[in-house]
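Scroll down for the structure; my scribbles are underneath it.
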Amino acid sequence: MDYNDYPRNDVLCIDMRSFYASVEAVKLGYDPMTVQLAVVGDPERRGSIVLAASPTLKKKHGISNVSRFFELPDDPEIVVVPAHMADYLQVSMEITRLINQYVPKEAIHQYSVDEVWVTVNGLERLFGSRWHVARLIKQDIMENFGITCSIGIGDNKFLAKVVMDLHAKKVGIAECRYEDVEEKLWPFPVQDIWGVGRRMQNNLNRMGIVTLGQLARFPLKQLKKRFGIMGEQLYWHSWGVDLSPVLGNFTKSEQKGFGHGIALLRDYSGEETAACILDLCEEVCRRARTAGKAGRTIHLGIAYSKVTGGGGFSRSRSVALPTNITMDIYAVSMQLFHEFYDGQSDIRHVSVSLDNLYENGETQLDLFDDKPKKKDIGYVMDSIRDTYGSTAILRATSYTEDGVTIGRSKKIGGHYA
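Counting from 1, one number per residue, gives the positions in the sequence shown under the UniProt record's numbering.
In structure tokens form, the structure reads like this:
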């Protein structure tokens, strides 16, 4: 492979080690790398998920981010704390501000709350080589926040991310240039490579492709025929080639739709689910109105409880005119619910979305339906919530045991703030 035609950048991929657990450990005065600490979504529920485990807890007891609270061993040295999502977001923003002291905002691509790409092109005269910049940032994060991070260095985002996952998490900082791909990446199984999920792994394995090196040597034409554009991307990634931009506004994108879903804390009957659907419709429409959008296609997703056999349905329906009126969306959602619900299964997950978007223009008048008044009611409710809080004004069903808005208002990303 001749890499002369491909861009070379100085890209860092920075990952905070056991981020949630590290933040909690520092708050409590522990060393994040030695304490056995588990961050649990809701310690009041035995089945609650372990959101994060400290490195020592992972190593000693094999606890991971998919473990459940009841799976924690009876070890008096284990510290269990509830999640505080607002704290994690605040620390994440502060870390980003620290990185912003080295590079401009357009050189920072926040991948998740605990992982970020940073392009450090042209910093040699200020801070030295990209290795030296990585060491400085790693040291600053430790000194300011008490958190250990792993940093991958690459000629592009893909190389920086993969070398961070495969090597830097063991040694702290690791680098992979184009010329290092064969030595540092090819021996690894395809499932260890960022972007390859379980289904893709199985498909590749059935084709006799087990390692990244085997993927690189597989004919591109056959990969494209089998997987389309994804096969072509896999092929070029196996050679370390990634043409995604390393500078720019990475958060700006066109809104395709508005959706909201919730995993219920208990099994809901069909009758109880109506209140949950209304709360979700209210949130979806509020977001659409805030963005100045209306939509024609309403989508309802229902997942049944595993206790009653699992399964569910996902259906959508389009209306003649774009709308962002809560009761319009609710009416269509309930039509879908009554049409496709099996009438007996308990329900554990509900989602509502609005897409096929249009600009929120003037409302078409209807002799039999006062749509302008309904829209005005929605905007007034939005204004009150913006001023006095998300639960300042709610529909009556939100105050029942079946409503979900009040509980959700206390959470960030589904977990307590």
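Glycine residues also receive a C-beta, built at the ideal position from the N, C-alpha and C atoms.
Practice task
Note down, one range per segment and in chain order, each alpha helix (DSSP H) of at least 4 residues found wholly within the segment 159-205.
Solution key: Fully enclosed alpha helix (DSSP H) runs of 4 or longer: 181-184.
Exercise for the section: Decide if proline 7 is buried, meaning its Cβ has at least 16 other Cβ atoms within 10 Å, or exposed. Expected result: Label assigned to proline 7: exposed.
Practice task
Count the C-beta pairs between the segment 193-201 and the segment 122-130 that are closer than 8 Å, then say yes if the count reaches three, no if not.
Solution key: No, the segment 193-201 is not in contact with the segment 122-130.
Problem - Residue nearest to valine 162 in terms of C-alpha spacing, selected from Asp242, Tyr268, Ile209 and Val133 - result: Asp242
Handout entry: Which residues DSSP lists as bridging glutamine 36, in chain order
Key = Ile78
Problem - Residue interval of the beta strand (DSSP E) (run including asparagine 356) - result: 347-359
Handout entry: Residue from Leu215, Lys27, Ala275 and Gly240 whose Cα sits closest to the Cα of tyrosine 330
Key = With distances taken between CA atoms, tyrosine 330 lies nearest to Ala275 out of Leu215, Lys27, Ala275 and Gly240.
Handout entry: Own chain, CB closer than 7 Å to alanine 160, minus 5 neighbours either side, in chain order
Key = The beta carbon of alanine 160 sits closer than 7 Å to those of Val11, Leu12, Cys13, Trp117, Gly152, Ile153 and Gly154, all from its chain and outside the five residues before and after it, given in chain order.
Exercise for the section: Give a yes or no on whether the C-beta atoms belonging to leucine 354 and alanine 291 are separated by under 8 Å. Expected result: no
Practice task
Answer yes or no: do leucine 223 and glycine 231 have a C-beta to C-beta separation smaller than 8 Å?
Solution key: In this structure, leucine 223 places its C-beta atom within 8 Å of the C-beta atom of glycine 231.
Handout entry: Backbone CA spacing between aspartate 2 and lysine 157 [nearest angstrom]
Key = 19 Å
Practice task
Answer yes or no: do leucine 136 and phenylalanine 127 have a C-beta to C-beta separation smaller than 8 Å?
Solution key: Less than 8 Å separates the beta-carbon of leucine 136 from that of phenylalanine 127.
Practice task
Using the Cα positions of isoleucine 63 and leucine 89, report the straight-line distance between them to the nearest angstrom.
Solution key: 24 Å
Practice task
Using the Cα positions of glutamate 143 and aspartate 267, report the straight-line distance between them to the nearest angstrom.
Solution key: 46 Å
Practice task
Answer yes or no: the CB of glycine 259 versus the heavy atoms of the ligand PLP, is any distance below 7 Å?
Solution key: Judged by which ligands are present, the structure shown has none, so any question about the ligand PLP falls away.
Exercise for the section: Kindly identify the DSSP beta-bridge partner or partners of isoleucine 262. Expected result: Val350
Practice task
Kindly indicate which three-state DSSP category isoleucine 325 falls into: helix, strand or coil?
Solution key: coil
Practice task
Could you give the DSSP three-state label for valine 113: helix, strand or coil?
Solution key: In this structure, valine 113 counts as coil in the three-state DSSP scheme.
Exercise for the section: Using beta-carbon positions only, say whether serine 48 and valine 40 come within less than 8 Å of one another. Expected result: For serine 48 and valine 40, yes; Cβs fall inside 8 Å.
Handout entry: Nearest candidate by alpha-carbon position, reference proline 189, set Val380, Ile393, Asp165 and Leu278
Key = Put simply, of Val380, Ile393, Asp165 and Leu278 the residue whose alpha carbon is nearest the alpha carbon of proline 189 is Asp165.
Handout entry: Selected residue, minimal CA-CA separation from serine 18, among Asp346, Leu28, Pro32 and Lys27
Key = Pro32
Practice task
Less than 8 Å between the CB atoms is what I'm expecting for aspartate 279 and glycine 378, so what's the real figure, rounded?
Solution key: Rounded, the Cβ-Cβ distance is 14 Å, inconsistent with contact.
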